[in-house]
Structures are given as C-alpha cells and as structure tokens.
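Undergrad: Here it is, the structure in full.
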Amino acid sequence: MTLPAISIENITKAYRLGMATKPESFKTSALEMMRHPMKRLRKFNEDYTDGDDVFWALDNVSFNVERGEVLGLIGRNGAGKSTLLKVLSRIVEPTAGKITIRGRVSSLLEVGTGFHPELTGRENVFLNGAILGMKHAEIKQKFDQIVDFSEVGKFLDTPVKRYSSGMYVRLAFSVAAHLDPEIMIVDEVLAVGDQAFQQKCLGKMSDVMRQGRTILFVSHSMDAIASLCTTVIHMKKGKPSAKMTVDEGVRSYLDEAAAGDSLPLSKKPRSQKEPHSPIFHDLKIRTDAGESITIPVGQRVSFDVLMKDFADIPGNLTLGIGLNNSRGQRVALFHTEYQNGITFRGANEVRMSCNVPSLPLAPASYTIDLVLADGYNIVERVERAAQVEVVFNDIFGTGKVPNGKQSTVVLPCEWSN
3 MTLPAISIEN ITKAYRLGMA TKPESFKTSA LEMMRHPMKR LRKFNEDYTD GDDVFWALDN
63 VSFNVERGEV LGLIGRNGAG KSTLLKVLSR IVEPTAGKIT IRGRVSSLLE VGTGFHPELT
123 GRENVFLNGA ILGMKHAEIK QKFDQIVDFS EVGKFLDTPV KRYSSGMYVR LAFSVAAHLD
183 PEIMIVDEVL AVGDQAFQQK CLGKMSDVMR QGRTILFVSH SMDAIASLCT TVIHMKKGKP
243 SAKMTVDEGV RSYLDEAAAG DSLPLSKKPR SQKEPHSPIF HDLKIRTDAG ESITIPVGQR
303 VSFDVLMKDF ADIPGNLTLG IGLNNSRGQR VALFHTEYQN GITFRGANEV RMSCNVPSLP
363 LAPASYTIDL VLADGYNIVE RVERAAQVEV VFNDIFGTGK VPNGKQSTVV LPCEWSN
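To convert, note that position 207 of the sequence shown is 209 in my numbering; the numbers rise steadily by one, no gaps.
Structure representation (structure tokens):
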C-alpha cells in the first residue's frame with residue numbers, strides 16, 4: 003500500500019483578533035508591564051482559542067494528497083488557503099492537529115523567503131538552496147540552470163535589496179524549482195512576475211508534474227488551475243470541500259464569486275494588507291451611450307473609481323483595473339503607473355478615471371477587479387467589483403467578428419494575395 007505524500011489530520015489554526023497586529027517595542031512592552039502587570043499576565047495566560055474575538059483561519063481541515071497528484075487549492079480571499087500552506091511549510095504552528103509529509107519539500111510562499119538583503123543574488127542562491135535542503139555540490143551543479151531560468155544573470159553580483167519584486171520572485175522560484183523536490187508547495191506569489199515568466203513557471207511545474215512529483219498549488223487564476231491541476235479542493239471560511247474534478251472546482255469557485263455580485267461595491271468582500279475600513283466605494287462604467295455595463299466591441303469605455311477614507315495609508319499608491327474572462331483568466335489590465343506613470347497619495351476622497359479609446363475584447367461576459375497597491379504590496383483588492391457584457395459590433399463592416407470562444411481580442415488586420 004502506497005502512503006500519501008501529505009496527510010493532513012484535523013488541522014485548526016486560531017488567531018485572536020486585534021492581538022499583536024503590530025509588534026511592540028521593548029520600551030512599550032516594559033512600560034505596559036509596569037503600568038498594568040495583572041492585565042499583561044492575563045493576556046499571556048489566557049486561552050486564545052476561546053471567545054468572541056477568535057478567528058478560525060483553519061477549522062478541522064483533513065485530507066490527503068496522493069503521490070503524483072497536482073492538487074489546486076482555490077477559494078476567496080480569507081478562505082484559509084495561504085494559512086494552510088504556511089502550516090504545511092512549518093512557517094506557522096497549527097493550533098491543533100497533525101501533518102505528515104513524506105518526501106523532500108520545496109515551498110515558494112513569499113517573495114524571496116530566505117534571502118538576505120545585503121547578500122548578492124549569487125550568494126543568496128547558495129544560501130536559499132541550503133535553507134531548502136540542497137547540498138553545496140548540488141547547488142553548484144545546478145547553478146547555471148538556476149541563473150538562466152531566473153533571467154537575472156546581469157544582476158547576479160548585485161545585493162538583492164536593490165532587486166525589484168519581480169527579480170526577487172524570479173530568482174526565488176528558480177532556486178525552489180531546481181531543488182528537484184518530491185513535493186512542491188506554491189502560493190500565488192507567481193502573480194508578481196510578468197505574464198511571460200508566469201507561463202515559464204507553469205511550464206516548469208508541468209515538468210515537475212510529469213516526473214511524478216506532488217504539487218500543492220494555490221491560485222485565483224482558474225486558467226492556471228485548469229491547465230495544471232488534476233484535482234481541486236475549494237476552501238470556504240477555513241473549511242475544505244471534498245476533492246473535486248477541475249471542472250467541478252472551477253464552477254464551484256465561480257458560483258461562490260458570483261454570489262456577492264448584487265452587493266454595492268462598498269459592501270463587497272475584499273482583501274487588505276492591513277485591517278482597514280473599505281476604500282473602494284463606487285465604480286461607474288460609461289460608454290458613448292452613457293452609464294452602461296453593455297459595451298459594443300471596439301467602443302470607447304471609461305471606468306470611474308471612487309476611493310474614500312484612506313488618508314492614513316502612506317506611500318505612493320497605484321490603481322489597477324483588471325478584466326477577467328469567465329474562467330477567471332486576466333485578459334486586460336489598465337494601470338495608473340504602467341500606462342500613464344501616475345502614482346497618488348492617500349486622501350479622504352479620490353476619484354480616478356480610466357478612459358479606454360477602444361476596447362478590443364471579443365463578445366462575452368467579463369468581470370472587473372480593482373487593486374490599490376503600494377509598489378507590489380496590495381493595499382486593497384476587490385474581485386468581481388462589477389461585471390460587463392461586451393456585445394457584437396460590426397467594426398470590420400463584414401457583419402462578423404470573432405466570438406469569445408474563437409478569440410479573446412478583436413484586432414484589425416489587412417489581408418492580401
């Protein structure tokens with residue numbers, strides 16, 4: 003009888019809301035201890051798994067991952083996916099339960115985990131490889147492959163504190179992928195890289211899969227899930243579903259995502275870097291015909307976004323508007339910094355307008371994501387902030403345009419013979 007690669011038995015993880023949201027300095031902690039000694043002692047001795055302010059990130063999670071299985075973990079933000087991967091990777095301890103892992107594990111959960119900012123890329127390859135369990139001779143043998151895959155060879159002798167987040171993730175993934183792990187655990191950190199590198203990473207994971215290795219993969223991209231995974235588990239509020247086929251899992255995820263479509267934007271579920279009142283408050287979509295969610299192919303469209311009550315958010319901020327198809331695959335991105343070089347500061351109220359002269363998407367339904375970010379750190383993200391319908395428009399004068407199954411975009415061209 004072949005034992006599973008990963009056995010997860012009754013795993014729970016509890017957090018007390020509002021506890022240790024920001025690290026205290028030694029001075030602050032000492033002063034608090036002197037002023038309120040009994041209060042501080044009660045805080046350290048209390049059972050933090052009991053009470054109304056306890057948040058159960060994972061609630062009695064049990065399942066097995068078989069050898070050679072490529073399991074996709076999907077779910078909305080806050081469903082417990084990343085917490086489970088951190089528990090599996092020994093980054094955080096579970097509150098209760100047992101995990102058994104049979105085989106060498108390579109984890110890529112956060113950009114540059116295990117990198118030392120003062121060391122160069124070359125030095126960090128050896129350091130990170132050693133942290134992941136590679137012997138020096140093994141790292142040396144695979145060094146050129148790691149560097150070639152990462153595409154950061156020109157900056158190899160530069161301290162990584164000067165790397166962009168994209169360079170960080172390329173080098174970190176390359177080291178982890180070339181460990182030749184028996185089990186690979188990957189979070190959606192790959193979304194930081196550009197589209198070409200994301201496809202390259204998925205190709206590398208496909209190679210690992212074909213070698214009979216086990217992969218546990220978290221992604222919001224249903225296209226990536228569909229192209230890579232063999233089975234899916236849908237997480238909801240810290241609880242896992244039974245294993246499903248990929249098609250069943252994708253339908254379950256999209257049905258859950260659609261459930262909040264009728265809510266006003268300020269009430270929709272969102273993910274935030276730090277707990278904060280809702281920032282995205284309103285989104286209006288306008289065409290030449292006025293405010294409308296119906297957009298003819300190739301027509302002008304504007305997206306007007308209202309943000310409120312974020313004057314306390316520091317840094318230079320950017321706004322991204324992403325359009326996704328029915329499988330959750332990103333098909334277009336409009337970004338303040340990428341396309342106009344614009345960043346802005348937090349304020350009590352900000353209105354931003356994105357004007358698209360001609361939207362070249364094929365007729366189909368699309369959902370809109372809103373992302374407020376500080377560099378590569380997401381401040382607030384709202385998935386399915388709105389839904390639009392791109393409809394037929396005779397832009398070529400032939401009475402025909404490609405439909406959504408034939409093409410994602412509708413672009414002009416000239417034929418000759």
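All C-beta atoms in this analysis are idealised placements derived from N, C-alpha and C, irrespective of residue type, glycine included.
If you're wondering where the values come from, they're calculated on a predicted model, not measured in any experiment.
#1: Rounded to whole angstroms, what's the CA-CA distance from Leu181 to Leu134? Just pull it up for me.
#2: Going by alpha carbons, who is nearest to Ser221 out of Phe65, Asp209, Gln274 and Gln200?
#3: Tell me which same chain residues have a C-beta within less than 6 Å of the C-beta of Ala132, skipping the five on either side of it?
#4: Enumerated in chain order, which unbroken segments of the alpha helix (DSSP H) with a length of 4 residues or greater are wholly contained in the stretch 333 to 418?
#5: Counting C-beta neighbours from all protein chains within 10 Å, is the total for His260 16 or more, i.e. buried, or is it exposed?
#6: Taking Glu76 as the reference, give the member of His236, Val352, Asp284 and Leu335 with the closest Cα.
#7: Roughly how far, in whole angstroms, is the beta-carbon of Met224 from the beta-carbon of Arg329, given that I think they are within contact range, below 8 Å?
#8: Since Ile297 contacts Val381 with CB under 8 Å, what's their CB separation in whole angstroms?
#9: Keeping to the same chain, check which residues put their C-beta closer than 6 Å to that of Gly240; ignore five residues upstream and five downstream.
#10: Assign Val89 to one of three DSSP states: helix, strand, or coil.
#11: For Phe312, is the classification buried or exposed, using 16 other Cβ atoms within 10 angstroms of its Cβ as the cut-off for buried?
#12: Less than 6 Å between C-beta atoms, sequence neighbours within five positions excluded: which residues of the same chain meet that for Ile141?
#13: Who are the near neighbours of Asn350 in its chain, counting only those whose CB is closer than 6 Å to its CB and skipping five residues on each side?
#14: Write down every uninterrupted run of the beta strand (DSSP E) in the stretch 243 to 303 whose length is 3 residues or greater and which is fully enclosed by it, in chain order.
#15: Which word fits Asn126, buried or exposed, when buried means at least 16 other C-beta atoms lie within 10 angstroms of its C-beta?
#16: May I have the straight-line CA-CA distance separating Ala7 from Ser167, to the nearest angstrom?
#17: In terms of DSSP beta bridges, what is Ala98 paired with?
#18: When the distance is taken between beta carbons, is Val63 closer than 8 Å to Pro271?
#19: Between which two residues does the alpha helix (DSSP H) carrying Ile315 extend?
#20: So does the stretch 359 to 368 actually touch the stretch 405 to 412, counting three or more Cβ pairs closer than 8 Å?
#21: Looking only at DSSP bridge pairs, what is Asn443 linked to?
#22: Thinking just about the alpha-carbon of each residue, which of Met186, Lys100, Lys137 and Lys144 is nearest to the one in Leu110?
#23: For Glu153, tell me which candidate among Phe175, Arg106 and Phe65 has the shortest Cα-Cα distance.
#24: Are Ala228 and Val210 touching if we call contact CB-CB under 8 Å?
#25: Going by Cα to Cα distance, which pick from Leu256, Asp284 and Pro277 is closest to Leu265?
#26: Rounded to a whole number of angstroms, what is the C-alpha to C-alpha distance between Gly401 and Cys415?
#27: If I follow the unbroken beta strand (DSSP E) through Leu75, where does it start and stop?
#28: With 8 Å set as the bound, which would you pick, yes or no: does the beta-carbon of Gln274 sit closer than that to a beta-carbon of chain B?
#29: Under a Cβ-count criterion, where at least 16 other Cβ atoms within 10 Å of its own Cβ denotes burial, should Met169 be classed as buried or exposed?
#30: Give a yes or no on whether the C-beta atoms belonging to Leu361 and Val303 are separated by under 8 Å.
#31: Going by Cα to Cα distance, which pick from Ile281, Arg288, Gly292 and Glu339 is closest to Ile315?
#32: With 16 other CB atoms within 10 Å as the buried threshold, where does Ile217 fall?
#33: Would Ile295 pass as a contact of Gly324 if the rule is Cβ separation under 8 Å?
#34: Mind checking Gly205: buried by the 16 CB within 10 Å criterion, or exposed?
TA: Well, looking at it:
#1: When rounded, the distance between both Cα atoms is 8 Å.
#2: Gln200
#3: The beta carbon of Ala132 lies closer than 6 Å to none in the same chain, with the five residues before and after it left out.
#4: Taking only runs of at least 4 residues, the alpha helix (DSSP H) segments lying wholly in the stretch 333 to 418 are 338 to 342.
#5: Just to set this straight, residue 260 is Ala in the shown sequence, not His. That one is exposed.
#6: Note that residue 76 corresponds to Ile in the displayed sequence, not to Glu. Residue His236 is the option with its Cα nearest to Ile76.
#7: Indeed they touch by this definition, with Cβ atoms about 5 Å apart.
#8: That belief does not hold up - the Cβ atoms of Ile297 and Val381 are roughly 28 Å apart, past 8 Å.
#9: Closer than 6 Å at Cβ, skipping near neighbours: Trp58, Ala59, Leu60, Asp61 and Gly82.
#10: helix
#11: buried
#12: Phe128 and Gly131
#13: Here Asn350 has Ala313 as same chain residues with Cβ atoms under 6 Å from its own Cβ, once five neighbours each way along the sequence are excluded.
#14: 282 to 289 and 296 to 298
#15: With 16 or more Cβ atoms within 10 Å of its Cβ, Asn126 is classed as buried.
#16: Each residue's Cα considered, the two are about 32 Å apart.
#17: Thr14
#18: No.
#19: Counting along the chain, Ile315 falls outside any alpha helix (DSSP H), and DSSP gives it neither H nor E.
#20: yes
#21: Past the edges of the chain, shown from 3 to 419, lies residue 443, and the structure says nothing about it.
#22: Met186
#23: Phe175
#24: no
#25: Asp284
#26: 16 Å
#27: Val72 to Ile76
#28: Absence of chain B from the displayed structure is noted, only one protein chain being present.
#29: Around the beta carbon of Met169, a 10 Å sphere encloses 16 or more other beta carbons of the protein chains shown; the residue is thus reported as buried.
#30: yes
#31: Ile281
#32: buried
#33: No. Outside cutoff.
#34: exposed
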